[in-house]
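Colleague: Chains as they are written, first to last, in full-length UniProt numbering: chain H, 1 to 432; chain E, 1 to 432; chain S, 1 to 432; chain R, 1 to 432. By construction, the Cβ of each residue, glycine as well, lies at the ideal position given by its N, Cα and C atoms. Because the structure is a prediction, the values reported are computed rather than measured.
Number of protein chains: 4
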Amino acid sequence: MTETITIDENALGQRLINHRREFHRYPESAWCEFFTTSRIAGLLQSLGYELHFSDAIIHRDTIMGRDEAEVAVARERAMGWGADANFMAEMDGITGVGAVLDTGRPGPVVALRFDIDAVEVRESQEDAHRPRFLGFASLQPGVTHACGHDAHTAIGLGVAETLAANRDALCGKIKLLFQPAEEGCRAGKAVAQSGWLDDVDYLFAAHIGMNVPSGTLVCDPQHFLCSSKFDLHFSGKAAHAGIEPNAGCNALAAACTAVTQMLAIPRHRDGMTRVNVGQFHAGNGRNVIPAKAVLMGETRGENRTLNSYMYQQVEQIARAAAQMHGVALEIKTQGEAIGLENDPTLVELLAQLGLNSGFSQIVLEKDFGASEDAGYLVERVQAKGGKAIYCLIGSDLAAGHHSGDFDIDESRMLPAVKLFLNAISELQTHPV
Amino acid sequence: MTETITIDENALGQRLINHRREFHRYPESAWCEFFTTSRIAGLLQSLGYELHFSDAIIHRDTIMGRDEAEVAVARERAMGWGADANFMAEMDGITGVGAVLDTGRPGPVVALRFDIDAVEVRESQEDAHRPRFLGFASLQPGVTHACGHDAHTAIGLGVAETLAANRDALCGKIKLLFQPAEEGCRAGKAVAQSGWLDDVDYLFAAHIGMNVPSGTLVCDPQHFLCSSKFDLHFSGKAAHAGIEPNAGCNALAAACTAVTQMLAIPRHRDGMTRVNVGQFHAGNGRNVIPAKAVLMGETRGENRTLNSYMYQQVEQIARAAAQMHGVALEIKTQGEAIGLENDPTLVELLAQLGLNSGFSQIVLEKDFGASEDAGYLVERVQAKGGKAIYCLIGSDLAAGHHSGDFDIDESRMLPAVKLFLNAISELQTHPV
Amino acid sequence: MTETITIDENALGQRLINHRREFHRYPESAWCEFFTTSRIAGLLQSLGYELHFSDAIIHRDTIMGRDEAEVAVARERAMGWGADANFMAEMDGITGVGAVLDTGRPGPVVALRFDIDAVEVRESQEDAHRPRFLGFASLQPGVTHACGHDAHTAIGLGVAETLAANRDALCGKIKLLFQPAEEGCRAGKAVAQSGWLDDVDYLFAAHIGMNVPSGTLVCDPQHFLCSSKFDLHFSGKAAHAGIEPNAGCNALAAACTAVTQMLAIPRHRDGMTRVNVGQFHAGNGRNVIPAKAVLMGETRGENRTLNSYMYQQVEQIARAAAQMHGVALEIKTQGEAIGLENDPTLVELLAQLGLNSGFSQIVLEKDFGASEDAGYLVERVQAKGGKAIYCLIGSDLAAGHHSGDFDIDESRMLPAVKLFLNAISELQTHPV
Amino acid sequence: MTETITIDENALGQRLINHRREFHRYPESAWCEFFTTSRIAGLLQSLGYELHFSDAIIHRDTIMGRDEAEVAVARERAMGWGADANFMAEMDGITGVGAVLDTGRPGPVVALRFDIDAVEVRESQEDAHRPRFLGFASLQPGVTHACGHDAHTAIGLGVAETLAANRDALCGKIKLLFQPAEEGCRAGKAVAQSGWLDDVDYLFAAHIGMNVPSGTLVCDPQHFLCSSKFDLHFSGKAAHAGIEPNAGCNALAAACTAVTQMLAIPRHRDGMTRVNVGQFHAGNGRNVIPAKAVLMGETRGENRTLNSYMYQQVEQIARAAAQMHGVALEIKTQGEAIGLENDPTLVELLAQLGLNSGFSQIVLEKDFGASEDAGYLVERVQAKGGKAIYCLIGSDLAAGHHSGDFDIDESRMLPAVKLFLNAISELQTHPV
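#1: Quick one: which residues of the segment 246-279 of chain S get their C-beta closer than 8 Å to a C-beta of chain E? List them in chain order.
#2: Tell me the DSSP bridge mates of Val218 of chain S?
#3: I'd like to know whether the C-beta of Ile331 of chain E is nearer than 9 Å to at least one C-beta of chain H.
#4: Near Asn166 of chain R, which residues of its chain fall below 6 Å by C-beta distance, leaving aside the five closest residues on each side in sequence?
#5: Could you tell me which residues DSSP pairs with Tyr202 of chain R in its beta bridges?
#6: Look at Pro245 of chain H and Cys391 of chain H and say whether their C-beta atoms are less than 9 Å apart.
#7: Which chain R residues are close to His281 of chain S, counting only those with a beta carbon under 9 Å from its beta carbon?
#8: Across the segment 169-184 of chain S and the segment 21-30 of chain S, are there enough close Cβ pairs to call them in contact, namely three or more that are closer than 8 Å?
#9: Given a cut-off of 9 Å on the beta-carbon distance, is the pair Ala255 of chain H and Ala321 of chain H in contact?
#10: Quick one: which chain S residues come within Cβ less than 7 Å of Asn287 of chain R?
#11: Going by Cα to Cα distance, which pick from S:Asn422, S:Asp407, S:Leu414 and S:Asp367 is closest to Phe133 of chain S?
#12: For the ligand SAM, any of its heavy atoms closer than 8 Å to the Cβ of Arg319 of chain H?
#13: Give the straight-line distance between the Cα atoms of Ser214 of chain R and Gly375 of chain H, rounded to the nearest whole angstrom.
#14: Which one of H:Thr95, H:Ala328, H:Glu410 and H:Ala293 has the shortest CA to CA distance from His24 of chain H?
#15: Can you tell me whether Met324 of chain E is helix, strand or coil according to DSSP?
#16: Excluding five sequence neighbours on each side, which residues of the same chain lie with their C-beta closer than 7 Å to the C-beta of Ala318 of chain H?
#17: Give a yes or no on whether the minimum CB-CB distance between Gly242 of chain H and chain E is below 9 Å.
#18: Going by DSSP, what residue range makes up the beta strand (DSSP E) through Thr299 of chain E?
#19: Check the Cβ-Cβ distances between Ser227 of chain H and every residue of chain E, and say whether any is below 9 Å.
#20: Looking at the unbroken beta strand (DSSP E) that takes in Asn276 of chain S, where does it start and where does it end?
#21: I'd like to know whether the C-beta of Arg319 of chain H is nearer than 9 Å to at least one C-beta of chain S.
#22: Taking 9 Å as the threshold (C-beta atoms), are Ala370 of chain S and Phe224 of chain S in contact?
#23: Is it the case that the segment 134-144 of chain S contacts the segment 93-104 of chain S, given that we only count it when at least three CB pairs across the two stretches are under 8 Å?
#24: Cβ closer than 9 Å: which chain E residues qualify as neighbours of Pro290 of chain H?
#25: Give the range of the alpha helix (DSSP H) segment to which Ser38 of chain R is assigned.
#26: Taking C-alpha atoms, which residue in S:Ile40, S:Gly172, S:Val417 and S:Val119 lies nearest to Ser357 of chain S?
#27: Cβ of Ile116 of chain R within 9 Å of Cβ of Arg412 of chain R?
#28: My guess is that Ala78 of chain H and Phe34 of chain H are in contact by the Cβ rule of under 8 Å, so how many angstroms apart are they, rounded?
#29: Contact criterion: CB-CB distance below 9 Å. Does Thr2 of chain E meet it with respect to chain S?
#30: Could you give the distance in angstroms between the alpha-carbon of Ala282 of chain E and the alpha-carbon of Ala282 of chain H?
#31: Taking the alpha-carbon positions, what's the Ser360 of chain S to Glu372 of chain S distance?
#32: Rounded C-beta distance between Leu421 of chain S and Val159 of chain S? I'm assuming under 8 Å.
#33: What are the start and end residues of the beta strand (DSSP E) that includes Gln179 of chain E?
#34: Ordered along the chain, which non-local residues of its own chain (more than five positions away) have a Cβ less than 6 Å from that of Ile63 of chain S?
#35: Quick check on Ala146 of chain H - is its C-beta less than 9 Å from some C-beta in chain E?
#36: By a C-beta neighbour count over all protein chains shown, 10 Å radius and 16 as the cutoff for buried, is Glu9 of chain S buried or exposed?
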């Protein structure tokens, strides 16, 4: 750590925990983070950051997996929780906020990305569950921060506060992105396409937990899976199943055909592929040829070519199944993840800074084995000539991610903040 | 018509309308008719009828299409509406009531059956809808008497009142069955198997409307379809679709296989057959191999053999689909209808009595083209040596059955009551 | 019977048997009747008939179910059996012959149609099989006259001989059509479209047997089924199933999808429909993604609309199944039958002439329950203002049609000849 | 090479070519190698080997993929080609021969295995195809030695001749196995289970070609795929598709269901799996519900567990598809391959001897990527305490294996013979 940035570690550590617990109480799922965004924006504004909302940070046409009805309910709830009306207006329906600290001095543009959404999981009601016995459990039944994004948000605010307090010791520009809708990989592509990161020289992102124990920093996680999430909406024609079965166009039957055939997409020579239909909902009455059917599914591949192969087959099959039964088809992309490759110089940088930032063990590579829409941000920054890294912040967990009993080791937020601050400090004087 | 029974037609006509409107306000769907039953029982008790509930009139093991969760909610609601606690206790969870008027004098046992359940249809909110502008619209959103069973109930009470008032002029025994759960053909079989009708010499049942105009009586409707209603519950094993797809047992895939194959049951040499899967619900998460899938379907046949052929194929296919995917299967019968054949002597009787009962036109045969669980009652009575008839009471309708705009011509209830009274009167002196 | 035509019944009866047995020895399946046509043509030419071949009687583009490779083999075989080279040249690859006897005198144009093809059935090798113990069994293994068209051909020649011998007693014009490829309903449409029958006033056709006993004439058979016969050829791309399964386009899988879905074409409100896939052949090697698959199937309907409904669904499904698997599809129509409705005046005529022609019992209506491409000829003649009839000539059978043990009662050919002669005679003087 | 064995290389080289060309002329497919076996046996007998046939070398109950009808035809053909009647009797229907040279002196038991069957491929008729222009092309249309087993046989005879000529210089026992039916992996398991190799200390086997160039020896090929080959025979009930479709049990439909579902067997977490249905044959008539259907398929897996997973799913699916359609199912295993792991000490031995045996390049590992039933022999020998090796003898090829243009570089047989002789010689003095 350079001497330019000073921290009161005890005070910061406590504030991180306070922040995290507050966000834990008010969990909001993807594209619904109105209260969360409002709270973040209020804090950042008071610290002197310039704020960017809505189309400035999210390319509206690229948004995936956003349900207008859910969003409407979420806005009401956020207002009820006390969201700021001005920020609500600035968001214009699109959650998330980008904050800029421009020192006015020449220097690199460093960005950090923190994802802020909760998941649709019912939080544990057990007394042993810490959020419950310490009184910061979720106030929204069926939604909770079971992935750790409350901690990510807190880390982001910790970084923001320290940078603001050390403003005079900094040069260049700092951009903090509080990103919505990471769950389901729904926002990453839209953030990338907004262009908000196009001037960035260095991008940092991280995830807490992920089967990495407390004290360990994984600098270069491997094998981010490519994936496409999709909904298939089949629309046919209802008819009385007894009186004139020939008059219907059976959306349910078309969807069944699509499922069976999608599961039979040929395996690929070049490696691992996957396909799943996780949900199927169709029909209203027992004696009516169903006019509507919805499938929710996903493909995966161990690289982008393999996932594309799978997804193109899904499209081909779904279209043909619709034609076969004379029904219409709408394919709605709900999320997408591409690979993610860290820049080696940043991997090396974090590996050097880790022990000084409060980690006790530095691991270079570890299988990630899941999907992350940060891949889009990393790809965009790299395409524009910048460098990017996504690392894992170890934390012992009470239960696995997306479990109702999930809980983190709150003491692991501080090292993450310090790591980021050290990296910013280092890059200002020694660009890599 | 004998002279033994006297009626004040004006008063009776108004009471029929009052009864019908009250039941219209408190609609309860199949197996949920607690308030309805309580109200009927209270009126009949005050008239001196002996009442039979629960197992006495319904063979519990033969009940179909009853959802415990819905029933629990319905009990609460009925209590809120003011259902009588004693009757609730007597029902013991099973709706419907049988009432007996025993004259103590030798004579035939005549039974009349009235079905009392409403349907899950949203009632019209238009000002032109009479229940709305006259203030007797449904008090339960999403449920309404759109099939006319409120009128059937009122007719039954009209008959009950008149008979009680003329008790001294009667001989033999009168049994009035206020049957639950006719919609979906869910209760008929259980009523038949209870044996409550086994001593009946003559059974009468009727439906109002059914595309028969006001003033017309159809004595012998034809072609009651045989049908089986079923739910298929597939239970497999969830697994992460990306990480270990081989570890799951895919209930959704099994259900898709079942659907596709059920729709391909071979046509039958001997006539019309049908099969439909009207609803399909499966899965929770996009990236989870679905562990649960539910199909709701039905078969039909123009006779009992043809429906049995279809239903046996459904069972064979569903079982094999489950085995194919290594999932468990539970088949829940939700309703059943068999044919219905009237006794010619009763057809002749009604044809003779119709014009004197207030009908202006008598039609012998008309296609019914739907299903009725009264078929089980008719079959049972005939099997025990009695005679039975199911007729249609004409009524101009505001809209078709099961439409939210459905409404009847209330003036057509009175002729139905008179027809039944005349028939009872006639049979006491001239058995057929 | 008028006195204009004289017959030596004994001699004619024996010649009919001789003709029938010769044709029985040389059976040729649909579109392969080169020797048969050559023999018929030789006999008719010697009787002074004007002969028409090939495009004159068959509209080449409308031909269905003709296999060039089989035809090539058949031509060779026919030459080996001694077919006439000149007639072979005239046929130009298309079998069948039309013969005209123009009296030069004014009068009606009467046509008679006789179908001449055998079926691909293995003839019984049992000693009790008459063709075998009398020495006229099929000389071509796997093909035999198991439908009675050898008798039809003999009847046609008997009519031809008698008419030629009585030429001076006739007026108008007689046209005799010896039609190929009735089996599978492959030629009828092409004959109709050739226009050869367009000047015909009266058309007669008949079938021997058909569950009608010896001695009985059925004048007006009912319910000729509409049907479409089709082959579906799926062409994909082979690939090594182990090494690169993703590189193939699986024609076998596409065909399986098509079959399953075709069997699930919804039943039709308006009546009886059928669909069958009778044959499926695909693939060469066990470890190769199959590049080729052929399905052979048929649809039926109790009227033309219903058969069209079924066939259009087949096409829609097959095309979609091909697209789904990325394979090409060729649909080859192999045969077609439409309904057939006799003209009442001809029904009446035959009913009057039957007893005088050697029949002992006249039946008006009987269910046909099968398909006949004579329907196209009847429709064409009727469309052009003529009248037509198709009747059944009773014959006790040794076994059912298309059985290897099939054999007719040869004595029943003579009454058929006499019936046709009587009809011609009657129509020349008393047109109906 | 030790000095104990002496060879006239020129003479031996020419004899190998002569042998190979003779066997090339008389190709016989799997389980049909009667003439081949007879010729081999005659030569070995004249060299003084003790011969073992039939049950002595093949466990009859474990035989896979043997068609009795084909075998019957093959026996006739072999007799026509001049097979020895005594050997035919000894074979008792089971092809292949084991030969033993017992020196009577103590020493190791060394076995060599040569596979002798041809493949069902049509040999090239091009003038440029060497077997054609040199006059040793296949005498059996549709069958040819397109895999190089004619060369394997010749190599075996070359080894046999040299060993017999050097008998006095040898110790221990030599066993030469001329194995039938390697193609499709049909015989290996049955040979292993016969126990004929149970006393073997060292087993050698090899394949010529396999994309290894002339002059190269591959000592330790890797990744032998596990595979199961199977035929599924569905037997239902025929019925007229038009008249009574409900009366059939549709074997074709059951097979289609099985195919679609087999292709959808879930991918496996642990690695590469494959499934293919390479052939589908069903039905006879277009208008008959098909009573018979046959599928020919295979599964693969990159290890035994994965192949078992696939094959068990195939069985489960096929059984359920049969039940679903009410048809019977017979599963006939047609071939099986397990992995194959060489013993390192023998790999080292061959690597040392290669250059002295006429090879110019020694390669240790190369992907095999296919299946070999030698795996069963290797496993058996290893299980009984012996050591085994399977190597690749490089040969430039005119075209790939199983192509009609396939031809080998005949000069590469001699180094193979020398390699085996050197190995035997070495092992007699220096066991590994």
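Modeller: Taking the structure as given:
#1: Thr260, Gln261, Leu263, Ala264, Pro266, Arg267, Met272, Thr273 and Arg274
#2: Position 218 of the third sequence holds residue 218 of chain S. DSSP, once it has assigned bridges, lists S:Val363 and S:Leu392 as partnering Val218 of chain S.
#3: Counting from one through the second sequence, the residue named residue 331 of chain E turns up at place 331. Not one chain H Cβ lies under 9 Å of Ile331 of chain E.
#4: As a position in the fourth sequence, residue 166 of chain R is number 166, starting the count at 1. Contacts found: Ile5.
#5: Within the fourth sequence, the letter at position 202 stands for residue 202 of chain R. Among the bridge pairs identified by DSSP, Tyr202 of chain R is matched with R:Val110 and R:Lys387.
#6: Taking the first sequence and counting its residues from 1, the one referred to as residue 245 of chain H is at position 245. Taking the first sequence and counting its residues from 1, the one referred to as residue 391 of chain H is at position 391. No; because the gap between Cβ atoms is not below 9 Å, this pair is not in contact.
#7: For this step, residue 281 of chain S is matched to residue 281 along the third sequence. Simply Gln279, Phe280, His281, Ala282 and Gly283.
#8: yes
#9: As a first step, residue 255 of chain H must be located in the first sequence, where it is residue number 255. As a first step, residue 321 of chain H must be located in the first sequence, where it is residue number 321. Against a cut-off of 9 Å, the Cβ pair of Ala321 of chain H and Ala255 of chain H comes out as a contact.
#10: One-based indexing of the fourth sequence puts residue 287 of chain R at position 287. By Cβ distance, chain S contributes Asn276, Gly278 and Glu298.
#11: Residue 133 of chain S sits at position 133 when you count from the first residue of the third sequence. Nearest of S:Asn422, S:Asp407, S:Leu414 and S:Asp367 to Phe133 of chain S, Cα basis: S:Asp407.
#12: Questions concerning the ligand SAM fall outside what the structure shown contains, since it holds no ligand whatsoever.
#13: What you label residue 214 of chain R is simply residue 214 of the fourth sequence in a count that begins at 1. What you label residue 375 of chain H is simply residue 375 of the first sequence in a count that begins at 1. Each residue's Cα considered, the two are about 49 Å apart.
#14: Within the first sequence, numbered from 1, the residue matching residue 24 of chain H stands at position 24. Of the listed residues, the one whose Cα sits closest to His24 of chain H is H:Glu410.
#15: Residue mapping note: residue 324 of chain E aligns to position 324 of the second sequence, counting from 1. In the structure shown, Met324 of chain E sits in a helix (DSSP, three-state: H, G or I).
#16: Along the first sequence, read from residue 1 onward, the residue named residue 318 of chain H stands at position 318. Same-chain partners within the cutoff: Leu232, Ala258, Leu329 and Ile331.
#17: Along the first sequence, one-based indexing puts residue 242 of chain H at 242. Cβ-Cβ to chain E under 9 Å: yes for Gly242 of chain H.
#18: Locating residue 299 of chain E in the second sequence gives position 299, counting from the first residue. Lys292 to Gly301 is the extent of the beta strand (DSSP E) around Thr299 of chain E.
#19: As a first step, residue 227 of chain H must be located in the first sequence, where it is residue number 227. Interface residue, yes.
#20: The residue given as residue 276 of chain S occupies position 276 in the third sequence. Note, Asn276 of chain S: beta strand (DSSP E), Thr273 to Ala282.
#21: Reading the first sequence from its first residue, position 319 is the one you call residue 319 of chain H. Taking Cβ atoms only, chain S reaches closer than 9 Å to Arg319 of chain H, which makes this a yes.
#22: Numbered from its first residue, the third sequence carries residue 224 of chain S at position 224. Numbered from its first residue, the third sequence carries residue 370 of chain S at position 370. Yes, they are a contact pair.
#23: Contact between the segment 93-104 of chain S and the segment 134-144 of chain S is absent: fewer than 3 CB-CB pairs across the two stretches fall below 8 Å.
#24: Position 290 of the first sequence, counted from the first residue, corresponds to residue 290 of chain H. What Pro290 of chain H touches in chain E, judged by beta-carbon distance under 9 Å, is Asn276, Val277, Gly278, Gln279 and Phe280, going in chain order.
#25: Numbered from its first residue, the fourth sequence carries residue 38 of chain R at position 38. Where Ser38 of chain R is concerned, the enclosing alpha helix (DSSP H) stretches over Phe34 to Ser46.
#26: Indexing the third sequence from 1 puts residue 357 of chain S at position 357. For Ser357 of chain S, the nearest C-alpha among the options comes from S:Val417.
#27: Within the fourth sequence, the letter at position 116 stands for residue 116 of chain R. Within the fourth sequence, the letter at position 412 stands for residue 412 of chain R. Result no, Cβ atoms of Ile116 of chain R and Arg412 of chain R do not sit closer than 9 Å.
#28: The count along the first sequence starts at 1 and reaches residue 78 of chain H at position 78. The count along the first sequence starts at 1 and reaches residue 34 of chain H at position 34. A Cβ-Cβ distance of about 3 Å is found for the pair Ala78 of chain H and Phe34 of chain H, placing them in contact under the 8 Å criterion.
#29: Your numbering for residue 2 of chain E matches position 2 in the second sequence. Confidence at Thr2 of chain E is low in this model, with a pLDDT of 44, below 50, so the placement of that residue is unreliable and no value is reported for it.
#30: On the second sequence, position 282 is the one that residue 282 of chain E refers to. On the first sequence, position 282 is the one that residue 282 of chain H refers to. Near 9 Å, if we compare the C-alpha coordinates of Ala282 of chain H and Ala282 of chain E.
#31: Looking up residue 360 of chain S in the third sequence gives position 360. Looking up residue 372 of chain S in the third sequence gives position 372. Cα to Cα, Ser360 of chain S sits roughly 26 Å from Glu372 of chain S.
#32: In the third sequence, residue 421 of chain S corresponds to position 421, counting from 1. In the third sequence, residue 159 of chain S corresponds to position 159, counting from 1. About 7 Å; that satisfies the 8 Å criterion.
#33: Reading the second sequence from its first residue, position 179 is the one you call residue 179 of chain E. First-last of the beta strand (DSSP E) with Gln179 of chain E: Lys173 to Gln179.
#34: If you number the third sequence from 1, residue 63 of chain S lands on position 63. Here the set comprises Ala190.
#35: Your numbering for residue 146 of chain H matches position 146 in the first sequence. Answer no: the Cβ-Cβ gap between Ala146 of chain H and chain E never drops below 9 Å.
#36: Along the third sequence, read from residue 1 onward, the residue named residue 9 of chain S stands at position 9. Burial state of Glu9 of chain S is exposed, judged by a 10 Å Cβ sphere holding fewer than 16 other Cβ atoms.
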